[in-house]
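Comments concern the structure below.
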Amino acid sequence: MLSRPAKAHGFSMIAVVGTLLIIGLLMLTALHLSQDHLRRATLSADRAVALREAESALAAAECEIAIATGTPYRSEGCRGTPDAARIAALNPVTLSGFAPGACGHGVAQGLCWPLQGESAAALAQLAGSDTHAMTLAPSHAAGKRKTTPARYVIEPIPDALPGQWMHAGAPRTPWLFRITAIGFGPTSVDSDGNAEDTLVNVMLQTVYRPRLAEP
1 MLSRPAKAHG
11 FSMIAVVGTL
21 LIIGLLMLTA
31 LHLSQDHLRR
41 ATLSADRAVA
51 LREAESALAA
61 AECEIAIATG
71 TPYRSEGCRG
81 TPDAARIAAL
91 NPVTLSGFAP
101 GACGHGVAQG
111 LCWPLQGESA
121 AALAQLAGSD
131 THAMTLAPSH
141 AAGKRKTTPA
151 RYVIEPIPDA
161 LPGQWMHAGA
171 PRTPWLFRIT
181 AIGFGPTSVD
191 SDGNAEDTLV
201 NVMLQTVYRP
211 RLAEP
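Everything in the sequence shown is counted per full-length UniProt numbering, starting at 1 for the first residue and increasing by one.
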């Protein structure tokens, strides 16, 4: 039969072990909460980078169309002189750089004309490849972390409702251009320093109304 001091010692050990287990569980829970908070904060920061990159790609596409079509564009950074072939490809009346159901290459790089029911992003495989897109120069928005360059495609859309009546002999109406741009967050790196798949991206669209370039 155990003496009272032995029983008290046994109960004390149980209490200590129980307390340590509770403290351990609390610390483990706090660690998981901290890691989850860090992950959420990182994703939020990465999405902010991706959004800025997508906005930069939209602005670059608008600038290119503005210069090619002689459309006024309020931006100090919008400068450049595209070659005659690129200007012709972006003509909003002839659409010489666009082929229905396809994305162009060469002087027509980034110019896509999806068929009805299809999107330009899907036609160009914009999220997974830059083969058919116009790609921006690498950005340093994420500091030392690598970022996939933002890219964009341009597609023509009619400046009229389906079935809208037009006067016979009326001049051809310039088409509108819809720009689809995608920006990416920093690329994750595993424990061995190898780049993992980019998980965060933001895709934006805008419709641009060009004017005919002056002859």
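Even glycine gets a Cβ: it sits at the ideal position worked out from N, Cα and C.
Outcome for residue i when other beta-carbon atoms lying within 10 angstroms are tallied against a minimum of 16
i: serine 129; result: exposed
i: isoleucine 154; result: buried
i: alanine 120; result: buried
i: residue 218; result: Lying outside 1 to 215, the shown extent of the chain, residue 218 is not represented and no answer is given.
i: isoleucine 65; result: buried
i: serine 56; result: buried
i: valine 17; result: exposed
i: glycine 80; result: exposed
i: glycine 77; result: exposed
i: glutamate 62; result: buried
i: leucine 58; result: buried
Cβ-based neighbour list, residue i, same chain, cut-off 8 angstroms, excluding 5 preceding and 5 following
i: aspartate 83; result: Val107
i: alanine 137; result: Pro149
i: isoleucine 157; result: Trp175, Leu176, Phe177, Arg178 and Val207
Rounded separation between residue i and residue j - CA only
i: leucine 26; j: aspartate 46; result: 30 angstroms
i: tyrosine 152; j: leucine 31; result: 41 angstroms
i: lysine 146; j: glycine 101; result: 34 angstroms
i: leucine 2; j: leucine 33; result: Confidence at leucine 2 is low in this model, with a pLDDT of 48, below 50, so the placement of that residue is unreliable and no value is reported for it.
i: leucine 28; j: isoleucine 22; result: 10 angstroms
i: residue 216; j: glutamine 35; result: Residue 216 is absent from the model: the chain starts at 1 and stops at 215.
i: methionine 13; j: glycine 24; result: 16 angstroms
i: threonine 19; j: threonine 135; result: 59 angstroms
i: proline 92; j: threonine 131; result: 24 angstroms
Cβ-based neighbour list, residue i, same chain, cut-off 6 angstroms, excluding 5 preceding and 5 following
i: valine 202; result: Ala50, Leu51, Ala54 and Gly183
i: alanine 68; result: Pro82, Ile87 and Leu90
i: glutamine 205; result: Thr180
Sequence-distant residues of its chain with Cβ nearer than 7 angstroms to residue i (five each side left out)
i: aspartate 159; result: Thr173, Pro174, Trp175 and Leu176
i: alanine 99; result: Trp113
i: proline 186; result: Asp46, Val49, Ala142, Arg145, Lys146 and Thr147
Identified DSSP bridge partners for residue i
i: threonine 206; result: Ile179
i: arginine 151; result: Thr135 and Ile182
i: cysteine 78; result: DSSP output for cysteine 78 lists no bridge partner at all.
i: isoleucine 157; result: Leu176
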